[in-house]
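**Q**
Protein chains in written order, with the working numbering: chain A, 20 to 164; chain B, 20 to 164; chain C, 20 to 164; chain D, 20 to 164.
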């Protein structure tokens, strides 16, 4: 029996409420230390040029890093963001964006992840952003326990 | 007659379409090299704990940095994001968040800004995030010219 | 009697040994949450163009952030670097560089600082870099207690 | 005949002068878009706890990113640092540190790289830092042409 957070927690904190539910974030896959998220294009996610807004990409980075680290924390703990950084590599003009995060290190109180974001058009993926983020472990709110 | 972008451009790229209009970003004030944005709390902007989602705060950082740099670019140019970094300092649990950006340096092709984000409850402001971002000047899309 | 680390600690961890002593880092001023460091130009600190090497500037950012946060930690604790980010704003071609750090937030386990670096030539200071850094509080090694 | 910078340029800007020569940076391997640097431990590179100073690790990140991007620039151009960020993952207590950089994207004026730093003791490598950096292409100084 695992003492780590179950994969279902990723789903609950993503699709259960708030910004990530409203925007349409989907958890494609999660395992210990890794996660893939997806987000389909819609007008209310774009910037002036018709590409995904940088802030939406940053939110994918944030959410994916949080899940990657949280998946390696003991039950009852969740990662909240200390800092994140994103380099934007290409316009995100695709029909969907995918964020793939991988925990680089998770200790007692802090975890770090790297995150790659891809813009997908039909069967072509273009890496459009690369990020790193630090999470801090805090107690999971009672409503999620 | 100024050769720099007019303040109205900030309004257009913020309230005119897409993510920033849907989320409710407001341009409170803009002058050469400086901008203040505001965003009122609503459910679809929050994370699992009921605070503004880190990705929404990062989007405020991104938009504010873009406007601060763009306000110092010649007419016809606009700043797109090369990279951004945000440190989260306190939960953003207020009724509104404010982002105040200031350009640190704007050259021919690149501009850098610092951005402070405040969580506001009644008359109290708490600094909840601090960011830096780099913008690259590109041609303004024809539809905005 | 203060329960925080004394200003002398900044001096000891800077001038006492290792890289910062060899490079010539000087503690100009330190108070709770703030520090100024200085470093005079010499050949072994420069890059191919004759300016201070970016890594030397990053080291100033690192050391200044560590001292600014450590100065607000209880005696017996010291800040070690979780992450740092530096934006380079202008070539550091002066006779001396100065780093001024200010703690933005210090909690039980983590502290964040912002750092400005200036290149100084005679009486002119040019801001050449801007950074942010996160520190984690750990026990001070016994040799420093 | 390649129109890109030759591998020898990496050697010249690293071992030829200044900080990187004085510290002892060695170019282990360089190819288009990739580089490995090494640096042996010595007292004047350490911090108060006896590990490599964070600023020295940041300098490795900076130099490696610069070479990785420069190796993909046309002859006569060199990358100077726009910004860098480093996450420190473990104490760098080894006998040597290695930095491995890979260009993620190189365009006409800007290039981005990711950099991993390892602390090496005998035959064991521990990843001690992970960084990202943005470079800007400028004309190579005449003395290097």
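Ideal placement from N, C-alpha and C gives every residue a C-beta, glycine not left out.
Remember, predicted model here, so these are calculated numbers, not experimental data.
In the DSSP output, which residue or residues are listed as bridge partners for residue 76 of chain A?
**A** Counted from its first residue, the first chain places residue 76 of chain A at position 57. Residue 76 of chain A is not bridged to any residue.
**Q** According to DSSP, is residue 128 of chain A helix, strand or coil?
**A** Counting from one through the first chain, the residue named residue 128 of chain A turns up at place 109. DSSP places residue 128 of chain A in coil when its eight states are reduced to three.
**Q** Check whether the segment 105-112 of chain D and the segment 73-80 of chain D touch, using three or more Cβ-Cβ pairs below 8 Å as the test.
**A** yes
**Q** CB-CB under 8 Å to residue 61 of chain D, same chain, minus the five flanking residues each way: which ones, in chain order?
**A** As a working mapping, residue 61 of chain D is identified with position 42 in the fourth chain. So the list reads 43, once near-sequence residues are dropped.
**Q** Locate the beta strand (DSSP E) running through residue 56 of chain B, then write down its first and last residues.
**A** Here the question's residue 56 of chain B lines up with position 37 in the second chain. That run of the beta strand (DSSP E) goes 53-59.
**Q** Rounded to whole angstroms, what is the Cα-Cα separation between residue 151 of chain B and residue 132 of chain B?
**A** Residue 151 of chain B sits at position 132 when you count from the first residue of the second chain. Residue 132 of chain B sits at position 113 when you count from the first residue of the second chain. When rounded, the distance between both Cα atoms is 6 Å.
**Q** Name the DSSP beta bridge partners of residue 116 of chain C, please?
**A** Numbered from its first residue, the third chain carries residue 116 of chain C at position 97. Beta-bridge pairing links residue 116 of chain C to C:58, C:138.
**Q** Using 10 angstroms around the beta-carbon of residue 48 of chain B, count the other beta-carbons present and answer buried if the total reaches 16, otherwise exposed.
**A** By one-based count along the second chain, residue 48 of chain B stands at place 29. Residue 48 of chain B comes out exposed.
**Q** Using only alpha-carbon positions, find the residue among C:25, C:158, C:41, C:29 that is nearest to residue 127 of chain C.
**A** Residue mapping note: residue 127 of chain C aligns to position 108 of the third chain, counting from 1. Taking only the C-alpha atoms, the option nearest residue 127 of chain C is C:158.
**Q** Let me see if you follow: with CB-CB separation under 9 Å, is residue 191 of chain C close to chain B or not?
**A** For residue 191 of chain C there is no data in the structure shown, the boundaries of chain C being 20 and 164.
**Q** Rounded to whole angstroms, what is the Cα-Cα separation between residue 153 of chain A and residue 101 of chain A?
**A** Here residue 153 of chain A corresponds to residue number 134 of the first chain, with the count starting at 1. Here residue 101 of chain A corresponds to residue number 82 of the first chain, with the count starting at 1. Spanning the alpha carbons of residue 153 of chain A and residue 101 of chain A requires a straight line of approximately 5 Å.
**Q** Assuming residue 93 of chain A and residue 28 of chain A are in contact, meaning their beta carbons sit under 8 Å apart, how far apart are those beta carbons, in whole angstroms?
**A** Here residue 93 of chain A refers to the residue found at position 74 when the first chain is read from its first residue. Here residue 28 of chain A refers to the residue found at position 9 when the first chain is read from its first residue. In fact, because the Cβ distance is near 12 Å, the residues do not count as touching under 8 Å.
**Q** Could you tell me which residues DSSP puts in a beta bridge with residue 158 of chain B?
**A** By 1-based counting over the second chain, the position of residue 158 of chain B is 139. B:96.
**Q** Compute the beta-carbon to beta-carbon distance between residue 136 of chain C and residue 118 of chain C, rounded to the nearest angstrom, for a pair I have assumed lies under 8 Å.
**A** Position 117 of the third chain, counting from 1, holds the residue named residue 136 of chain C. Position 99 of the third chain, counting from 1, holds the residue named residue 118 of chain C. Rounded, the Cβ-Cβ distance is 5 Å, consistent with contact.
**Q** Rounded C-beta distance between residue 103 of chain D and residue 88 of chain D? I'm assuming under 8 Å.
**A** Along the fourth chain, one-based indexing puts residue 103 of chain D at 84. Along the fourth chain, one-based indexing puts residue 88 of chain D at 69. The Cβ separation is near 12 Å, so there is no contact.
**Q** Hey, is residue 24 of chain D's beta-carbon within less than 9 Å of any beta-carbon in chain A?
**A** On the fourth chain, position 5 is the one that residue 24 of chain D refers to. No Cβ of chain A is located within less than 9 Å of the beta carbon of residue 24 of chain D.
**Q** I want to verify the contact list: residues of chain C whose CB lies under 9 Å from the CB of residue 75 of chain D, in sequence order.
**A** By 1-based counting over the fourth chain, the position of residue 75 of chain D is 56. The contacting residues are 38, 74, 78.
**Q** Just to confirm before moving on: does the CB-CB distance between residue 65 of chain C and residue 116 of chain C stay below 9 Å?
**A** Start at 1 with the first residue of the third chain, and residue 65 of chain C comes out as number 46. Start at 1 with the first residue of the third chain, and residue 116 of chain C comes out as number 97. No, the pair does not count as a contact, with Cβ atoms beyond the cut-off.
**Q** Among B:96, B:149, B:35, B:95, which has the Cα closest to the Cα of residue 134 of chain C?
**A** Within the third chain, residue 134 of chain C is the residue found at index 115, counting from 1. Nearest option by C-alpha distance: B:149.
**Q** Is there a Cβ from chain C that is less than 9 Å from the Cβ of residue 86 of chain A?
**A** Here residue 86 of chain A refers to the residue found at position 67 when the first chain is read from its first residue. For residue 86 of chain A, the nearest beta carbon of chain C is not closer than 9 Å to its own beta carbon.
**Q** Could you tell me the boundaries of the alpha helix (DSSP H) in which residue 50 of chain D lies?
**A** For the purposes of this step, residue 50 of chain D is identified with residue 31 of the fourth chain, where counting begins at 1. Looking at the DSSP string, residue 50 of chain D is not in any alpha helix (DSSP H); the run it does join, the beta strand (DSSP E), is 45-50.
**Q** Based on the DSSP secondary-structure assignment, which residues constitute the bridge partners of residue 146 of chain D?
**A** Translated into the one-based positions of the fourth chain, residue 146 of chain D becomes position 127. Residue pairing by DSSP places residue 146 of chain D opposite D:137 in a beta bridge.
**Q** So, with DSSP's three-state summary, where would you put residue 67 of chain B?
**A** Position 48 of the second chain holds residue 67 of chain B. Residue 67 of chain B carries a coil assignment under DSSP once its states are collapsed to helix, strand and coil.
**Q** Once you ignore the five residues that flank residue 51 of chain B on each side, which residues in its own chain have a CB closer than 7 Å to its CB?
**A** Position 32 of the second chain, counted from the start, is the residue given in the question as residue 51 of chain B. Within the same chain, residue 51 of chain B has close Cβ partners 23, 90, 91.
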